[in-house]
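One structure below.
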Amino acid sequence: MVDKSTLANPFPGLRSYEYEDHALFFGRDSHIRALKNKLLESRFLALIGSSGSGKSSLIKAGLIPSLEVSAGHDDWSVVLFKPGAYPVKNLLTALKTRLRKDKGISAGVDLMSSEWSEDTIMNTVKELISAFGRSKLLLVIDQFEEIFRYDLDGGAQKEARSEASIFIQIILNHINQPGEQSYAAITMRSDYLDHCTEFKGLTEAINRGYYLLPKMTMEEVREVITKPVEVSGAKISTDLVDTLLDEITANPDSLPILQHALLRTWGKWAEIPANPEMITLAEYEAIGTMKNSINIHAEELFIQNLDDRRKIAAEKLFKTLIVSGASDTPVLHPITLAEIVKITGIPDYQLLDVIQVFRARGVSFLSPNSNIRLNNDSVIDVTVEKILVLWTRLSRWIKEELDSAKLYKQLSATAQVYQDGRAGLWVNPELQLGLKWQKDNQPTKEWAKRYDPYFERAINFLDYSRKQHEFDLQSQEEKQQKALRQSRYFAILGVGIGMVATVAVLYLTLLQAETRQALRESDTKEQAAQTERKRAEEQSKEATVQSKIAEQQQEIAEQQRLLTDEQRRIAVQQKAIAEKKTDEAILAKQSANLSAEIAGKALLETQEQKEIVENEKKEVLRQKVKVDTLIVVANKQREKADAATEKEKKLRLLAVARSIAIQSYQMPDSKDDISALLAIQAYKFNDKDSPDIFNALSKVADSKTVMRGHSDVVRAVTINAAHTKLASGSDDGTLKIWNLNDLTLRPESYGLPKGIRQDLRSVLFSQDDKSVIAGSDMGYIFKWKDETGNASPDVIRAHKTSIHSLLNIKNILISVSSDGAIRTWKMTDRSLDSVQHIKAAFPILCAKVSPDNKVLMCGSTNGKVLSFDLDNLKKAPTVYTFLQFGTQVSSLAFSPDGAKLITSNNYGSLHAWTLADNALTGAVNTVTGRHTSPVNSIIFSPNGKLMATCSYDGSVHIWNYKDILLQQQPIVIRDYDNWVMGLCFTADSNRLISCGADKSVRIWDINTDQLYAKIFKTVKRNFTTDEWNTYIGKDIDYQKILPTE
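In UniProt numbering, the protein residues as written are 1 to 1045.
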C-alpha cells in the first residue's frame, strides 16, 4: 500500500513547469534536442506556438536543464524574465538578481529612471553583462508578446513603446556580439508575429532562429500522463490513460487543461486513504473530467473562499482582464494592479484577496505565481486562455463585458456625431438600452478609456437624451390631456347648450301657442255666454210682458166672455205662444249658466298654464346660470392651458440650458468668449443648482485651487474654529497648516518625533485653536501645541489600530478606532488625560456626534450602526442592523437639524434615515446620485443647506439638502483620477475643501451665484445672431447678456 500522505502532486496544473520541475517533465525529448541545436547554431532562438501549447515549460524545464547537463553548469548563466510593460527595467532587475545568485556580485546600479537616455541604458546593460565574465550568458525572454500586449494611455504609452524599441535593440546587440558567450531565446504566441515587423532587425533574427512548436504525438502525450505518476511511486489505470488520450485527441490545444485535470485527479485520489493504489476513472470523473474540471474548481474557489464583497470584486477583476477586440471578440488584456483599482473603484486589499485565491499554488488561474510578491506595478493576467470558455460564470461575465463595451462605443460614437451637429439625441429603444446599461454596469472613466476616452461626453449625451425624452413625454402627455379635455369640454358644452336652448325654445313656443289658443277660446266662450245671457234676459222680459198681456186679455176675455168664438180662439193661441216663449227663456237661461261655467273652467285652465309658463321661465333661467357656470369653467381651463403652455416653454428653456451648459463644459477654451457666454445664458435659463450649470460655470471660472505639499496620500482635512487655518494629514507622516487668508504662502509643516514613521488618518483642532491633534494608522495620537510646528508633539498610545475619527465635545476629545475601542480624553495644557475607555463589539470605521451632543453614532465594518449615550458611555449601545447598511457602514453624518442620519455602504449607496430622539425609526429614503465605490466622508455645510460626499471612485458629490429627498441629481466633481479621502466646508459655505490619493489639497468655489458674477465680469460682448440661432435656437427670443452693448 502506498503512503499517499508522503507523495507530492507531480502535476503543475495550469501553471507552466519550472526549472525545479525538470525531473517530472516528459514527452518533449525530440523538441529539446531541436531547440538546443537551433540555439547553439544561430545564438538566437524564437520558440513560436499557440496559447497553451507548452512553450514556457519547454524552455524552463526542458532546454535550460539540457544546456547545463551537456556543457556543465558553470559554463552557462541563464537570465530568465518576462518583459511586461517595461521590458528594460525588468531586464536590469533580472540581470542584477542573477549576478547576486551566480557570482555573489551586488551590482551598484540604480533602478532605471525615466530620465535616463538611450546611451545611459545601453551602457548600464553592457556593464551588467560584462560582469558575467566568460560564462555563456543566455537571456530567456518568456512571453515575448507582452511588449505588444500592454495598452497604456497617453505619455505612458509612448514611454513604453520607446522602451520596447530600446529593449529589442539590446537583445539584437547582445546576440551579435563577437565570440560565443552571448545567446538569447524568446517564447512568443504565433498570433503576434506580425507585430515583430515594426522593429528593424527583429524579423531577420527571428527568421534565423525560428522554431514552430509541433503538436505532440500520442506517445509523447502518454509519457506526459504516465511518467510523472511512475516517478512519484504511484500507478494510473490504463482505462484512465486511454480516456485522457481520446479527449486530448479531440482537443489537441488543451495541454494545460489536461495538466489541470491530472492535478485535480491526483488530489482527489490522495485525499481518500481507502482508495486503491492505482488512480482510476472514478477519481477522474469525480473532478468533472477535462470538460468540467475547470468550471467545478473555479466555482469552488468563488463560492467557498470569497464573501459577497469579494465576489463582486472578482467579477470586476476578471472583466477588467478582458477587452473587446476586433469584431467584438474577447481579448486577454494583462494590466497592473494599480490600473485595476482605478478601473473597478475597488480597494486594493479586496482585489489582493481575490487575486491570492485565484493564483494560489494548485490553482494558478491568474498570474504571477503565488511565490511572487505583488505591488501596484504587478501585472495581473489570466494564465490560460481556455479558462475564458470553460468557466461558465466567467463566460457570462465576458459576454456582459463585451456587450457593455459595444454599447459604450456606440454611445460614444453617437455623442461625437451629435456634438458635431450631425445626429439627434437617443430615443427608445436605444435610450432604454443605454440607461439600463448605465444602471447595471456603473461604468467608470478609467474603464471607458479602454474603448473611447470621451467618457464624460458620452454620459452627458445619455443623460441629456434621458432628460429630453422625459421632457418630450411630459409635453406630449400634457398636450394630449389638454386636447382631450378641451374637445370633451366643448363637445359637452356645445351639445348641452344646444339641447337646452332648442328644448327651451320649442317648449316656450308651444306653450305660448297653447296659451294664446286657450285665451282665445276662453274669450269666445265668455262672449257667447254673455250674449245668451242677454238674450235670455230679453226673452224673460218679453215673456213677462206677454204674461201680463195674457192676463189682461184673460181678464178682458172673462169680461167679454160673451165675445165671439173667434176672439176666444185667438186668446188661447196667444196663451200657448206665451207659454212656449217662457220655456225658451228658461232654456236660454240654463244655457247661459252652462256657458258661464265653461268660461270659468277655461279661465282656471288659463291660470294653470300661466303657472306652467312661469315655471318654464324659471327653468330657462336655471339653465342660463348653468351655461354661465360652464363659461367660467371654460375660462379656468383656458387659464390652465395657458399655464401649461408657459410650463412647456419653461421646460424647453431648461432643456436648452442643459444642452448649452454641456456644450460649454466640453468646449475647449477659446478667445471669442463663446464658452463663457453659453455658461452665463445656461445660468439665466436654468435652476442654479443644476449639475450641468455648475460644471459649465466652474470650468469657465477656473474655480479650484490645488495645493501641493505632501508626498503621499492626504487622508484628512479640517478647519480651525477661527476659520483662518486649514490642517491636512497625510500618509507621509506630516501635518500641514495652510493659511486660508493667503493660500500662496507655504504651509507650516508639523512632523513626527524622530524614529517614528506612521500615517496620519484623522486631524482636529482643539476648540480653543491652541493645539492641533492627529490620529495615526497605528493607533497613536499626536498633539502639537507650538503653532510654528517646530516643537515635538505629545505622543499618546491610544489604540491598537488605525484611528478613523477624532471628535470634540466641550473640551473633551473622543477617539474612535478600528480596534473597536472608543476613548475619551480631557485636553490639558500638558497633554491628554484619559477619561473613559469603552470597548465596542465591532471594529468601527466612522463616527459622528448628534447636533445636541447627546449621542455618538458609529458605523462598523460588519454592516451595523451603534448608538452610544454620551452621558453614560459605559451603557451598552443600541445596535441597528438594516439591509441598506450593506456589509460595512463606511461613513455617516447627522443632518444639522438632527432629523436625519445619512449613511453609506460598501457599494457607494447613500440612505437618509428618519430619527426620533436620536433613534433610527426604520423609515428610510435612498439618496439619488450614488457613488460606485465606498464613501470616505459625508459632511454638511455650516449653513446647513448643502451635503457633500467623497469616495474611492474619485468623485465628489454635492446636494442641496432641502431637495435631497426629491430625487435631485447631485453636482458631481470628477477632477480626481484617484481616491478622494476627505472633505470640509469653509465657514461661509461657499467653498469646499477636498484631499486625496493624488497627494493634493483642493479648494473649490461652489457658490453658483458667485461663479456667475465672476464670469460675467470677464465677458465683453453679446451673442451674435448666428451664434444665438446655432447654440440657443431660432424659436427662443434673442436676449442680450450685456444690455448696454
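Just so you know, even glycine gets a beta-carbon here, dropped at the ideal spot from N, CA and C.
Glycine 155 versus aspartate 1026 - alpha carbon distance
Residue confidence for glycine 155 is low, a pLDDT of 43 falling below 50, so the modelled location carries little weight and cannot support an answer.
Residues in the same chain with beta-carbon distance under 7 Å from phenylalanine 11, minus the five sequence neighbours each way, listed in chain order, please.
Pro228, Gln259, Leu262, Leu263 and Trp266
Three-state secondary structure assigned by DSSP to lysine 754:
coil
Other residues of its chain near alanine 94: CB distance less than 6 Å, five sequence neighbours each side excluded
Val79 and Phe81
Assuming contact is defined by CB atoms lying nearer than 8 Å, are tyrosine 1012 and leucine 697 in contact in what I supplied?
yes
If you draw a straight line from the alpha carbon of proline 896 to that of phenylalanine 940, how long is it in whole angstroms?
7 Å
Own chain partners of tyrosine 907 with C-beta closer than 6 Å, once the 5 adjacent residues on each side are dropped
Gly886
Does the stretch 363-379 come into contact with the stretch 999-1019, if we say contact requires no fewer than three beta-carbon pairs (one atom in each stretch) closer than 8 Å?
no
Would you call the stretch 831-843 in contact with the stretch 854-867, where contact means no fewer than 3 C-beta pairs closer than 8 Å?
yes
Measure the CB-CB distance between leucine 213 and histidine 31 and report whether it falls below 8 Å.
yes
Under 8 Å between the Cβ atoms of isoleucine 803 and glycine 775?
yes
Does aspartate 732 have its Cβ less than 8 Å from a Cβ in chain D?
Annotation note: the requested chain D is absent from the structure, which comprises a single protein chain.
When DSSP labels each residue in this structure, what does histidine 22 get in the three-state scheme?
helix
Where does the unbroken beta strand (DSSP E) through methionine 827 begin, and where does it stop?
821-827
Taking the alpha carbon of leucine 760 as the reference point, which residue from Glu180, Lys770 and Val717 has its own alpha carbon closest?
Val717
Using three-state DSSP, classify serine 834 as helix, strand or coil.
strand
Distance, Cα to Cα, glutamate 339 vs leucine 321?
11 Å
Can you check which of these residues, Gly62, Leu813, Gly13 and Trp437, is closest to leucine 35 by C-alpha distance?
Gly62
8 Å Cβ cutoff met for serine 792 and proline 753:
yes
Rounded to a whole number of angstroms, what is the C-alpha to C-alpha distance between lysine 785 and alanine 727?
14 Å
For isoleucine 809, count the other beta carbons within 10 Å of its own beta carbon; 16 or more makes it buried, fewer makes it exposed. Which is it?
exposed
Grouping DSSP H, G and I as helix and E and B as strand, with all else coil, what is leucine 213?
coil
Please give the ranges of any beta strand (DSSP E) in the stretch 384-444, keeping only runs that are unbroken, at least 3 residues long and fully inside the region.
none
Let me confirm a value: leucine 563 is counted as buried when at least 16 other C-beta atoms fall within 10 Å, else exposed. Which label applies?
Note that leucine 563 has pLDDT 45, beneath the 50 cutoff, so the model's placement of it is unreliable and no number is given.
Residue burial classification, glutamate 163 (beta-carbon count within 10 angstroms, cutoff 16)
buried
Cut-off 8 Å between Cβ atoms - residues of its own chain near glutamate 223, not counting five sequence neighbours on either side
Phe26 and Gly27
Looking at the structure shown, is phenylalanine 894 part of a helix, part of a strand, or coil, going by DSSP?
strand
Provide the residue span of the beta strand (DSSP E) that contains asparagine 925, from first to last.
919-926
Taking the alpha-carbon positions, what's the tyrosine 976 to histidine 195 distance?
35 Å
Could you tell me which residues DSSP puts in a beta bridge with valine 714?
Ser730
Nonlocal neighbours in the same chain, by C-beta distance under 7 Å from threonine 932, ignoring five residues either side
Gly345, Gln442, Thr444, Gly908 and Asp953
Cβ neighbour criterion (16 or more within 10 Å) applied to glycine 779:
buried
For asparagine 176, count neighbouring Cβ atoms within 10 angstroms of its own Cβ and tell me buried if that reaches 16, exposed if not.
exposed
Within a Cβ cutoff of 6 Å, which residues of the same chain sit near valine 357, ignoring the five residues on either side of it in sequence?
Leu301 and Asn305
Just the C-alpha distance for aspartate 334 and tryptophan 1028, rounded to the nearest angstrom, thanks.
In the sequence as presented, aspartate is not what sits at residue 334; that position holds proline. Going from the Cα of proline 334 to the Cα of tryptophan 1028 covers about 49 Å.
List the residues that DSSP assigns as beta-bridge partners of phenylalanine 782.
Ala774 and Val795
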